[in-house]
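Heads up, the sequence shown is in my numbering, so the first residue is 1 and it goes up one at a time.
Beta carbons are placed, not taken as given, at the ideal position from N, Cα and C, and that holds for glycine.
See below for the structure under consideration.
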Amino acid sequence: LDGPGRTADGRRVELLANVADGADARAAAEAGAEGVGLFRTEVCFLGRTVEPTVDEQVAAYREVLAAFPGRKVVVRTLDAGADKPLPFVTPDAEPNPALGVRGLRTARRHPDVLDRQLTAVARAAEAEAADVWVMAPMIATPDEAESFVALCADHGLATAGVMIEVPAAALGARWVLARAAFASIGTNDLTQYTMAADREVSDLARLSTAWQPTVLALVGATGSGAALNGRPLGVCGEAAADPVLAPVLVGLGVTSLSMTPRALPDVAAVLAATTSEECEELAFLALQQPTPDAARAAVRARLPVLDELGL
Ligand code: PEP
Ligand code: MG
């Protein structure tokens, strides 16, 4: 990876990493990531039956922040529930956990847990030199965004945003983004909830792709809402690691991509060979297709750089 992410005509697209702990963060820095676009804090505490103490949390968060002094690190608050159960916050025996009390929704019954987590994030931020952004998972409404941002402000965390993972939040992005400093699209969950297809069920893999033109339309709706409010917009689901999809996402209004570090060089190379005008044309083309396969084929046919790179 060679320097900051850019399109061929110089539009900046930050290329960030998804991490779950300090070791991941150090490897991401080594791989040349510009920062962290998704720190999955719940992964530090999976399997724990009791809440980690504030001191334990501060130590875990500091390890990640320490790998990126002066760089952006987006810390996601606990995304508990469904595929990531945390017994100390998620209710057991919910009939339908993916549609249940998960992500930020757990904070209604356990406001103290979120409060302590934000205290720990603020302390870690104070002790390290990273530029700390905080975001909440599973936001569905503008009110949820507003109350989360206010809570972060109470903790001295000034850059607070939301994940867009629910179709309602994507369609309502202009109201959600009026209240939040930034958004990051979780295409894994956004696809799951758009297609009504459990992301864990391999029989449904055919449905579970962000190349679904309807999922791309929701990314586009989010892009419009972000642009209207002048807000940065990331993608941090698996889709961000697809070098064929990256220019489409940029054309839909995405300003940063966060992925597994090994995907960074290919995504950077494709973007560097594509102008922002071409990204917009590719986005338009993908949205015109009726199926994921047709969308992918149409985009691929317009990106000879993929063959040159052996992708
Ligand atoms: C997503 O849903 O796309 C996302 C990045 O969050 P997670 O995969 O951790 O649910
Ligand atoms: Mg998610």
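In summary, Val254 is buried, with 16 or more beta-carbon neighbours lying within 10 Å of its beta-carbon over all protein chains present. Near the ligand PEP, meaning a beta-carbon closer than 6 angstroms to one of its heavy atoms, we find Leu38, Arg40, Asp79, Glu165, Gly186, Thr187, Asn188, Asp189, Cys236 and Gly237. The closest heavy atom of the ligand MG lies less than 7 angstroms from the beta carbon of Pro137. The three-state secondary structure of Trp211, taken from DSSP, is coil. Assignment of Val74 by DSSP, reduced to helix, strand and coil, places it in the strand class. If you draw a straight line from the Cα of Pro167 to the Cα of Arg206, it is about 19 angstroms long. Nearest to Leu216 by C-alpha distance, out of Arg296, Gly161 and Asp143, is Arg296. It is roughly 10 angstroms from the alpha-carbon of Ala180 to the alpha-carbon of Arg174. Counting the other Cβ atoms within 10 Å of the Cβ of Ser184 gives 16 or more, which makes it buried. The C-alpha of Arg76 lies about 37 angstroms from the C-alpha of Glu308. Counting along the chain, no beta strand (DSSP E) covers Val54; the unbroken alpha helix (DSSP H) around it starts and ends at Val54 to Ala66.
Assignment of Pro137 by DSSP, reduced to helix, strand and coil, places it in the strand class. Here Leu38 is not near Val13, since their CB atoms are 8 angstroms or more apart. Taking Cys152 as the centre and dropping the five residues before and after it, the same chain places the C-beta of Leu118, Val134 and Ala160 closer than 7 angstroms to its C-beta, in chain order.
Assignment of Gly103 by DSSP, reduced to helix, strand and coil, places it in the helix class. By the CB criterion at 8 angstroms, Ala241 and Ala263 fall inside the cutoff.
Runs of the beta strand (DSSP E) spanning 3 or more residues and lying entirely within the segment 177-255 occur at 183-185 and 233-235, in chain order.
Pro85 has its alpha-carbon roughly 10 angstroms from the corresponding atom of Thr49. In the pairwise beta carbon analysis, the segment 6-23 is classified as touching the segment 265-276: at least three pairs are separated by under 8 angstroms. Residue pairing of Leu16 in beta bridges, as defined by DSSP: Ser258. In the three-state reduction of the DSSP assignment, Arg174 falls in the helix class.
In the structure shown, Phe88 falls within a coil segment according to DSSP collapsed to helix, strand and coil. Closest by C-alpha distance to Ala127, out of Ala60, Pro111 and Asn188, is Ala60. The alpha carbon of Lys72 has as its nearest neighbour, out of Glu146, Asn96 and Val36, the alpha carbon of Val36.
Runs of the alpha helix (DSSP H) lying entirely within the segment 4-51 and spanning at least 4 residues, in chain order: 22-30.
Spatial neighbours of Gly103 in its own chain (CB-CB distance under 6 angstroms, excluding positions within 5 residues in sequence) are listed in chain order as Asp79, Pro137 and Met138.
Excluding sequence positions up to five before and after Gly100, its CB lies within less than 6 angstroms of the CB of Glu94, all in the same chain and listed in chain order. Taking the C-beta atoms as reference points, Ala283 is found nearer than 8 angstroms to Gly251. Bridge pairing for Ala272: absent [DSSP]. Bridge partners of Asp154 according to DSSP: none are assigned. Relative to Thr260, the option among Arg6, Asp189, Gly32 and Pro4 whose CA is nearest is Gly32.
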